[in-house]
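To start, the structure under review is shown below, and the notes come after it.
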Amino acid sequence: MSMQTPKARTVSAEVPHRTSPATAKTARKLRTSGPDVDSVSSPNPASRTPKDRSPKDIGRRSPRSSAIEQKRPGRVSALEDQLAQLQEEVKAAKEQLSLSESLKRMTQQEANKVKKQLAVMSEKLEESEKQLLERSDPEEARLLELRKISQERDREWKSELEAVQKKQELDSAALASALNEIQNLKLQLDRVTDSEDTQARHAESAHAETESLRVQLKETLTLLEQLQNQLNKSKESEANVLEEASKAQLELEVANMTGNALRSEGLKAMEACKSLSVELEQSKAQVAALEELVSKLQSEQEKGIDVEADELKTEFSNLKNEVNQLQAALEDSERRCHEECIQSTLQIRSAYEIVESTKSESTQRETKWNSKLNAAKEDMEELKEKLMNKEAELQKNSDDNKGLNVHLEEIQATDGESELLDELKKSESILQI
-15 MSMQTPKART
-5 VSAEVPHRTS
5 PATAKTARKL
15 RTSGPDVDSV
25 SSPNPASRTP
35 KDRSPKDIGR
45 RSPRSSAIEQ
55 KRPGRVSALE
65 DQLAQLQEEV
75 KAAKEQLSLS
85 ESLKRMTQQE
95 ANKVKKQLAV
105 MSEKLEESEK
115 QLLERSDPEE
125 ARLLELRKIS
135 QERDREWKSE
145 LEAVQKKQEL
155 DSAALASALN
165 EIQNLKLQLD
175 RVTDSEDTQA
185 RHAESAHAET
195 ESLRVQLKET
205 LTLLEQLQNQ
215 LNKSKESEAN
225 VLEEASKAQL
235 ELEVANMTGN
245 ALRSEGLKAM
255 EACKSLSVEL
265 EQSKAQVAAL
275 EELVSKLQSE
285 QEKGIDVEAD
295 ELKTEFSNLK
305 NEVNQLQAAL
315 EDSERRCHEE
325 CIQSTLQIRS
335 AYEIVESTKS
345 ESTQRETKWN
355 SKLNAAKEDM
365 EELKEKLMNK
375 EAELQKNSDD
385 NKGLNVHLEE
395 IQATDGESEL
405 LDELKKSESI
415 LQI
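Letter 52 of the sequence shown, counting from 1, is numbered 36 in our numbering, and no numbers are missing.
Shown next, in the form of structure tokens:
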């Protein structure tokens, strides 16, 4: 029975030698596997690949970001294919890793069994040594020979165990390096994804700023049109004010001319009244002279002097009629003169009143139109200033828009995707090795 157990030990120790190439291949493939192993084992939910994103996150992207992504459909599809291939390779590496772990556990179990068998064999050897010591010397020589054989087998078993342990250590080191490489590739892919997200956010913000600048530009153009309309209206109101002022000036000149004409007519009426008064005084003097003559004739008639009495009576009656006519004419002329004086006075007063009212109205109109003209000029100056400010703001917005377009072009020209392609090419070359 002691001869069969070493053979069983050699058979059990040969199992790791058979399975070690598979574990080496597993470590080699794990060294080139993709970033999804770490994404499964990593507890960090933020380090997700672009496929792990929910439809809501994809739906939240603005039309501008989708438009930017549509510019590179070939690259994205190629990256997705490579990523799917890497995921399949990672799954295969996981299976190989689980297989190597199962083989490792089996090897460990066999090593434990071998250790137990060694312990049992050592106990048996000790017992056999004791028995040999009790027996004769020839048996002692045989015992020494058996001891040498058992020691040689023990050394072989120990060397085999050390080789198995070294292979296990190498497999674990290869597995750790493969996991580190997977972690590095995962981090690089996350960085590329983050850079793409950052570029998409920058593009969205640039698009939003461009839209806001377009809205501001439309509002500015509308305001400029309104200011231009107000400026035209103010110019029209200024022209109307000047026209009304010229009309008021003409009315004032006409009123002054009317007043002067009424003054001249009043002076003429006064002169006519004076001439009529002089004529009236002359008529009164003639009447007085005729009355004296009549009284003389009457006194002469009373004294009995009847010379030419009939002629005198006739002359007297004629003179009396003439005096009556003169008195009637005088009264008529006085009445007409008085009426003309009253009318001329009234006309002069009304003319003065018209002139004064016209002057006051023209003054009021002039002040009113001057105030309107000044207000229109101030409005024009204010509108011109606003127009200049809006033009400056429009120029600034145009410059900002140009800067944003340049920044957007720079963002679109970044080489984040080229870095990802380089990393994927490196991983493919490692996998091919």
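C-beta: ideal position from N, C-alpha, C; glycine also.
Using a Cβ-Cβ cut-off of 7 Å (strictly less than) and excluding sequence neighbours within five positions of residue i, which residues of its own chain qualify?
| i | result |
| --- | --- |
| E350 | A229, A232 |
| P353 | First, the amino acid is wrong: residue 353 is Trp here, not Pro. Here the set comprises V225, E228, A229. |
| S344 | none |
| T342 | E235, L236, A239 |
| D41 | Since pLDDT at D41 reaches only 45, below the 50 mark, its modelled position is unreliable, and no value is offered. |
| A157 | none |
With a CB to CB cut of under 8 Å and the five nearest residues on each side skipped, what residues in its chain are close to residue i?
| i | result |
| --- | --- |
| R333 | none |
| M254 | C325, S328 |
| L367 | L211, Q214, L215, S218 |
| R2 | With a pLDDT of 41 at R2, under the threshold of 50, the predicted position of this residue should be treated as unreliable, and no value is reported. |
| R37 | Note on R37: pLDDT 47, under 50, position unreliable in the model; no value is reported. |
| S25 | Residue placement at S25 is flagged as unreliable, the pLDDT there being 38, under the threshold of 50; the coordinate-derived value follows with that caveat. Same-chain partners within the cutoff: there are none. |
Quick one: measure Cβ to Cβ for residue i and residue j, integer angstroms, because I've assumed they're closer than 8 Å.
| i | j | result |
| --- | --- | --- |
| E324 | A256 | 7 Å |
| I326 | T242 | Actually they do not touch by this definition, with Cβ atoms about 20 Å apart. |
| L378 | L201 | 7 Å |
| L264 | E318 | 7 Å |
| L211 | K370 | 6 Å |
| Q152 | K88 | 6 Å |
| S218 | D363 | 5 Å |
| S355 | L236 | With a Cβ gap of about 18 Å, S355 and L236 do not count as contacting. |
| W141 | L109 | Not confirmed; about 14 Å, so no contact. |
| L303 | L274 | 5 Å |
| L357 | E222 | 6 Å |
In its own chain, which residues sit with a C-beta less than 6 Å from the C-beta of residue i, not counting the 5 before and 5 after it?
| i | result |
| --- | --- |
| P39 | Because P39 sits at a pLDDT of 43, beneath the cut-off of 50, its placement in the model cannot be relied upon, and the following sentence gives the value as read from the coordinates. Result list for P39: empty, nothing under 6 Å. |
| G43 | Model confidence at G43 stands at a pLDDT of 44, short of 50, so the residue's coordinates are unreliable; what they give is reported in the following sentence. If we look at G43 and ignore the five residues flanking it on each side, it has no Cβ neighbours. |
| S112 | none |
| S189 | none |
| A6 | Note that A6 scores 43 on pLDDT, short of 50, meaning its location in the model is unreliable and no value can be drawn from it. |
| T204 | K374, L378 |
Out of the options, point me to the one whose CA is closest to residue i's CA.
| i | options | result |
| --- | --- | --- |
| E73 | L109, A162, E140 | A162 |
| E315 | K268, S156, H186 | K268 |
| D138 | L63, E129, S106, L169 | S106 |
| L208 | H186, D174, A223, M372 | M372 |
| T206 | K380, V390, E375 | E375 |
| Q92 | K150, S134, A62 | K150 |
| V199 | N389, K304, S179, N381 | N381 |
| L145 | N308, A359, N96 | N96 |
| Q309 | V271, L277, S279, E220 | V271 |
| E249 | L330, T182, L169 | L330 |
| N389 | K114, S143, E195, E365 | E195 |
| V104 | S134, S301, L63, K78 | S134 |
query: Can you give, in chain order, each stretch of the alpha helix (DSSP H) that sits fully within the region 63 to 101 and has at least 4 residues?
result: For the region 63 to 101, not a single whole alpha helix (DSSP H) run of length 4 or above is found.
- prompt: Fully enclosed by the region 306 to 353, which beta strand (DSSP E) runs are 3 residues long or longer?
  reply: Runs of the beta strand (DSSP E) inside the region 306 to 353: none found.
query: Can you list the beta strand (DSSP E) stretches of 3 or more residues lying completely in the region 193 to 254, in chain order?
result: For the region 193 to 254, not a single whole beta strand (DSSP E) run of length 3 or above is found.
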